[in-house]
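If you read the sequence shown in my numbering, its first letter stands for residue 6, the second for the next number, and so on. Virtual Cβ for every residue (Gly too), placed ideally from N, Cα, C.
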Amino acid sequence: MTTRTLRFYALVGFLVFLDQVTKYLAHAYLARDFIVIPNLFRLTLAKNSGAAFSFGTGFSWLFFLLGIIALIFIGWFLPRTTGSIVFLALLQGGIAGNVFDRLFKPPYFGNGEVVDFLNTPLFSGVVFNIADLFILAGVFGTFLFLKGSK
6 MTTRTLRFYA LVGFLVFLDQ VTKYLAHAYL ARDFIVIPNL FRLTLAKNSG
56 AAFSFGTGFS WLFFLLGIIA LIFIGWFLPR TTGSIVFLAL LQGGIAGNVF
106 DRLFKPPYFG NGEVVDFLNT PLFSGVVFNI ADLFILAGVF GTFLFLKGSK
């Protein structure tokens, strides 16, 4: 395993750890909404069986399967890319954090609910988590990096 690959998986591991710690803290301490910035940002505990930003609610098993496929693809793609590993690590870490929830949170084994807790009225009715932000940053960063390399 190359140093680059080790750095990649160390970053992914750190991102998954960070995601799981924030979800644990949200689940343990958010009994009700906590307003951080009035009319802009609050913490709201929610359980989501859909995808990022509550899209596709009720299809947890499908997003679990797609997440596993994405993790395998990124792992396959990593040694074939010469670019920065940061955006791929963000993508891999975010996907892995949510796949972990679907696997190990009730009702378990691919049907688990993802813990969401970040809420802003800018996106009405959408509650999300750190892993969703990692995925979003990873997708946009990878897209911009690939577009800029052409």
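Three-state secondary structure assigned by DSSP to residue i
{"i": "residue 110", "result": "coil"}
{"i": "residue 36", "result": "coil"}
{"i": "residue 46", "result": "strand"}
{"i": "residue 134", "result": "coil"}
{"i": "residue 122", "result": "strand"}
Buried versus exposed call for residue i [16 or more other C-beta atoms within 10 Å across all chains shown]
{"i": "residue 119", "result": "buried"}
Pick from the options that is closest to residue i, judged by C-alpha positions
{"i": "residue 74", "options": "96, 8, 30, 136", "result": "96"}
{"i": "residue 110", "options": "82, 122, 53, 141", "result": "53"}
{"i": "residue 72", "options": "90, 80, 100, 89", "result": "100"}
{"i": "residue 105", "options": "125, 38, 18, 124", "result": "18"}
{"i": "residue 148", "options": "76, 90, 32", "result": "90"}
{"i": "residue 66", "options": "13, 145, 112", "result": "112"}
{"i": "residue 141", "options": "82, 11, 98", "result": "98"}
{"i": "residue 103", "options": "11, 86, 77, 69", "result": "69"}
Closer than 6 Å: residue i CB and nearest the ligand NAD heavy atom
{"i": "residue 54", "result": "The ligand content of the structure shown is nil, which means the ligand NAD is not present either."}
Inter-residue spacing [alpha-carbon to alpha-carbon] between residue i and residue j
{"i": "residue 129", "j": "residue 24", "result": "23 Å"}
{"i": "residue 39", "j": "residue 30", "result": "13 Å"}
{"i": "residue 36", "j": "residue 122", "result": "11 Å"}
{"i": "residue 51", "j": "residue 132", "result": "7 Å"}
{"i": "residue 146", "j": "residue 125", "result": "23 Å"}
{"i": "residue 94", "j": "residue 34", "result": "29 Å"}
{"i": "residue 108", "j": "residue 9", "result": "28 Å"}
{"i": "residue 117", "j": "residue 42", "result": "31 Å"}
{"i": "residue 186", "j": "residue 7", "result": "No answer is possible for residue 186: it lies beyond the span of the chain, which begins at 6 and ends at 155."}
{"i": "residue 32", "j": "residue 82", "result": "34 Å"}
{"i": "residue 26", "j": "residue 150", "result": "29 Å"}
{"i": "residue 14", "j": "residue 127", "result": "33 Å"}
{"i": "residue 92", "j": "residue 21", "result": "14 Å"}
{"i": "residue 85", "j": "residue 16", "result": "18 Å"}
Chain B contact for residue i (CB, 7 Å cutoff)
{"i": "residue 35", "result": "Chain labels in this structure do not include chain B; a single protein chain is all it has."}
Is the segment 38 to 49 touching the segment 133 to 144 in the sense that three or more CB pairs, one from each, lie closer than 8 Å?
no
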